[in-house]
Every structure is written in C-alpha cells, then in structure tokens.
Amino acid sequence: MADPLLKVEDLKVEFPTRRGTLVAVDGVSLHIDPGEVLGVVGESGAGKSMTGNAIIGLLEPPGRVAGGRILFEGRRIDDLPYEEMRKIRGRHIGAIFQDPLTSLNPLYTVGRQLIETIRTHDEAVGETDARTRALGLLREVGIPAAEARIDHYPHQFSGGMRQRVVIALALCANPRLIIADEPTTALDVSIQAQIIALIKRLCREHGTAVMLVTHDMGVIAETADRVAVMYSGRIAEIGPVREVIKHPRHPYTVGLMGSIPKVGQRREKLTQIEGTMPRLNAIPRGCAFNPRCPKVFARCREERPDPRPTPGGAVACWLNAAAGRPA
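Residue numbers (the working numbering): 2 to 328.
Take a look at the structure:
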C-alpha cells in the first residue's frame, strides 16, 4: 500500500487563557490517501475546523499545536517556521472556506486574483500564460462565458458561482490536498449538488485528496470515501462511509444518523440527541458524550475510551470494547 498523503498523529490544539488552558483538539489521529475524500462531521464545537486549521497552519493566536505530529508526504509540517509553511500552503495544500466572500477581494476582478495566485506559486509564469491558465480553471469549475466573466468582480457573481471561483483559486497551484471547510453550507440544494459533483470530479481527474469538513451527513454520503465523526475535540468513530452510515457503532453516530430524514419513511418526529456539546472549560470526565448518551454506564463516567479497531476504522466507545461487548 502507498504511504498516506497526510498523516495526523495524536494532534492536540490548545488555547491558553488567564483562567487556564482550553483544549480544542485532544488526541486526534487520522490519515488521508492520495485522491481520497475524508469527511469530518460533528456538531458545532466538535473540533472539525480547528483540526483543518491546524493542518494548514492557520490557527488563530493564541491557539497552538501543543502535541502530536502532522506529516504531509512523509514530512513533518506542524513545527515548520512561518515562511516555510507559507511555501506549502496554497502550493501543496489548498483551502476552500464556507463563505467565498471572505476568500475573494471585492476590489479586484476574479481574473486578477487568479492570475496573482498563479504567479505567486510559480514566478516563471508570465502574465499572458497565467491569464490563459486562469481561463482554463474558470471553465474547469463550470463558469459559463469565462472569457467575459474573468474581468468581473466578485459581487457580480451568484453565491454558487463565487464558490466555484474559490475552488478555482484553490486549484491554481495543483495542490495535492485541499482542506474544504463547509464548502456547500451557504448554498441552496441544487447548487450544493453541483459543487459536490465538481469536487468528486476534481479528485478523480487530478488525484487531489480532500478533507471535507461539514455538519451535513448527506454531503458526506454523496462525496466521501471515509468519514471521521468528531465530538468534543476527539474522534468518536472513523471508517468507510457506507460502514459508518449503515452500521454506526458509537451512540453519537447513531444519533446523527437518526436525525436525518429518509425519503419514503413516514415519521412524526426525528431522533433527537438530548443536551448540547460541552464547553471547552466544562468537558466531563470519562467519555465526553456520557451526559447525553442513552446507553451510558458507570465506566463511561470514569474512563476515557481509546479508539478500538472496527472493519476499516475505529470507534472510541466502551460499548465496543473487545471483552464483553454489550452492544
């Protein structure tokens, strides 16, 4: 088997405060293979975006990687100096964010932004060649009449078209990995489906790997090869997407699956996970999910479960302990 493109080992992200240190990501381990789409799901505050930001080196101060390692193509990148990480960000690891307006400068045409990005990552490319490359990218991501639209400003595009431009920006340097943080959340269902199809096609044709951060299990089911379910800064369950969706093992994953409406199924009420995600300064002892878990028992309140192997993945739950599994 080929080595993973990205390997995260026991990642810990902390935020020092006057009242103590808050742990936002606590012992996350995962990998992404070339051309693979890894979905990362969970409620707000689970640590999904924080994990992605740590990988790409965009943690907001005073946030810091306090433990573990991040390896990209076999090279450790979490401890690189700022200027060294800048050479990797964009050129080798791209990013797509939820709101395209935060990624696009309203004062520049989309063509100028694409051309500048292309030439930043490859100084040998001239203005004319960069414009030709920019036009090709706009066509590739499905922007109609690219020859005219390249000289338009971001406000002249719809939300879906702006997100396509952001994807084109992420592809300017042909990165091996893209961190896509909620790339379809602000879009309507039909445009969302088009963006999903575009991401899948790019993975297939370019061999680009994607870490897809979202709270939408429907998007994961349509797009991802594997899925990591996060809760309170930790991975609750990880595995092949069909295995996790059809046979969830962690009670939190079961709850997420039960909250999704199914076509043709008549139900008066969807499954509800009682309670809320704990605050970073109030994470309970033992399994962080235990106050909300319908299957909680004494050990859950005292000991933190480590991930245990499942078919193609792992689950961190005492119900799935190898000895005397109750579930």
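Note that CB positions come from ideal geometry on N, CA and C, so glycine has one too.
- Boundaries of the beta strand (DSSP E) harbouring Arg65: Arg65 to Phe73, taken from the DSSP string.
- In the three-state reduction of the DSSP assignment, Met258 falls in the helix class.
- For Met51, the CB contacts under 7 Å within the same chain, skipping 5 residues up- and downstream, are Val14, Ala25 and Val26 in chain order.
- If you ignore the 5 residues before and after Gly208, its C-beta comes within less than 7 Å of the C-beta of Pro35 and Gly36, all in its own chain and listed in chain order.
- Residue Ile236 holds the alpha-carbon nearest to the alpha-carbon of Arg305 among Thr129, Ile236 and Val245.
- DSSP places Tyr109 outside any alpha helix (DSSP H), giving it a letter other than H or E.
- As a beta-bridge residue in DSSP terms, Thr18 pairs with Gly21.
- For the pair Leu115 and Leu39, the CB atoms are not nearer than the 8 Å cut-off.
- The stretch 186–202 makes contact with the stretch 216–235, as at least three CB pairs between them are under 8 Å.
- Setting aside the 5 residues that flank it on each side, Met258 is surrounded in the same chain by Pro249, each with a C-beta closer than 6 Å to its C-beta; the list follows chain order.
- Distance check between Thr121 and each of Ala96, Arg92, Asp100 and Arg267 places Arg92 closest, using alpha-carbon atoms only.
- Two segments are said to touch when three or more pairs of C-beta atoms, one from each, lie closer than 8 Å; by this definition the stretch 69–86 does not touch the stretch 266–275.
- DSSP places Gly287 outside both helix and strand once states are collapsed to three, so it counts as coil.
- Between Glu61 and Met278, the CB-CB gap reaches or exceeds 8 Å.
- Assigned with DSSP and collapsed to three states, Leu271 falls in coil, not helix or strand.
- Check the Cα spacing between Arg309 and each of Asn291, Glu238, Cys294 and Tyr253: the tightest is with Glu238.
- In the structure shown, the three-state DSSP call for Thr311 is strand.
- Rounded to whole angstroms, the gap between the alpha carbons of Gln193 and Pro292 is 34 Å.
- According to the DSSP secondary-structure assignment, Pro241 is paired through a beta bridge with Arg227.
- Residue Lys201 holds the alpha-carbon nearest to the alpha-carbon of Thr224 among Ile151, Gln99 and Lys201.
- One Cα belongs to Asp11, the other to Asp307, and the distance between them is close to 11 Å.
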